[in-house]
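**Q**
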Amino acid sequence: MLIVGLGTAIAQQAVGIDSIFLYMDDLIKASGIESETTQLAILMLLGITKLFFVFVGGKLIDNLGRRPLLMASLIGMCVSLIIIAFTEKAAQIVGMAFYFAFFSIGMGPGAWLIPSEVFATSIRAKGMSLATVLNRTFAAIVASTFLSTSEAIGLKGYFLMLAAVCLLFTALFYFYLPETKGRSLEDMTLYFAEITNDRSILDAEAALRKDEVEMTKPVESATPA
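So in the numbering used here, spot 199 of the sequence shown is number 217, and the numbers just go up one at a time.
(1) Mind reading off the beta-carbon distance from TYR117 to SER140? Whole number of angstroms is fine, and I expect it under 8 Å.
(2) Nearest to LEU87 by alpha carbon, out of MET62, GLN31, ASP36, SER122?
(3) Just the C-alpha distance for VAL136 and SER53, rounded to the nearest angstrom, thanks.
(4) Go through its chain and collect everything with a Cβ distance to LYS68's Cβ below 7 Å, but skip five positions before and after it.
(5) DSSP state of ALA243, grouped into three classes?
(6) I want to know whether the segment 197–207 touches the segment 104–114 - three or more CB-CB distances under 8 Å.
(7) Do the CB positions of VAL72 and PRO133 come within less than 9 Å of each other?
(8) Could you give the DSSP three-state label for ALA115: helix, strand or coil?
(9) Counting Cβ pairs, one atom from each stretch, are 3 or more of them under 8 Å apart for the segment 192–201 and the segment 34–49?
(10) Among ALA211, MET89, GLU212, TYR176, whose alpha-carbon lies nearest the alpha-carbon of GLN30?
(11) Check for me: the alpha helix (DSSP H) holding THR155 runs from which residue to which?
(12) Quick check: the Cα distance between PHE191 and ALA181, rounded to an integer number of angstroms?
(13) Going by DSSP in three states, GLY175 sits in which element: helix, strand or coil?
(14) Taking 8 Å as the threshold, find out whether the segment 46–61 comes into contact with the segment 150–167 through three or more Cβ pairs.
(15) Ends of the alpha helix (DSSP H) at MET42?
(16) Which of helix, strand or coil does DSSP assign to THR170?
Have a look at this one:
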């Protein structure tokens, strides 16, 4: 439960979204585009792309489910980062657009939706608070280390590193992330209890089901003597 809830919050920032977004102007210049007018137009188009796909993601995440959309989001960002790493000018800008689009349809909303759907009611408030703290902490770490890291390993190396991070979280989500669409908090609590063999929850669930069975049994009418 904690691995899934907190891991999703961390993953949203570990894939480098804030570092790319904050330094997007510098990245556009580094791609080889020199015209300031063109740079401004690209900034606006990338911002509009990110905003548009937020709405697309909001629609798809309920129709397709959380798990497939987050997996597609991470794989799409990985491919986009590889494109950014090995291309320049127009092709690199297209890679950035795809990166923002794939982020917005999955990891963007998913980082807040998944924790709210997996934490048990008893720890939900604390779990969401911790997820938020970790999310913002990783955002600060990734953004503040962009310049030093990119100088040390180069922009190409930096983007390939982020692509590797996307692959890592894709693997983690493949093995640990359940589908939460249409499932109640009680269902998710029982799901994780079965995985971790939490006897306290499993025994309580068994007792509850036994009581429900007893309540549904027909009452035998007394026969007159």
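From the three backbone atoms N, C-alpha and C, an ideal C-beta is built for every residue, glycine too.
**A** Let's see:
(1) Actually they do not touch by this definition, with Cβ atoms about 38 Å apart.
(2) SER122
(3) 48 Å
(4) PHE118, SER122
(5) Low per-residue confidence applies at ALA243: pLDDT is 46, beneath 50, and the placement is therefore not dependable, though the value from the model is reported in the following sentence. Here ALA243 sits in coil by DSSP.
(6) no
(7) no
(8) helix
(9) no
(10) MET89
(11) 142–162
(12) 15 Å
(13) helix
(14) no
(15) 42–48
(16) Checking the sequence, you will find Ala at residue 170 rather than Thr. Three-state DSSP puts ALA170 in a helix.
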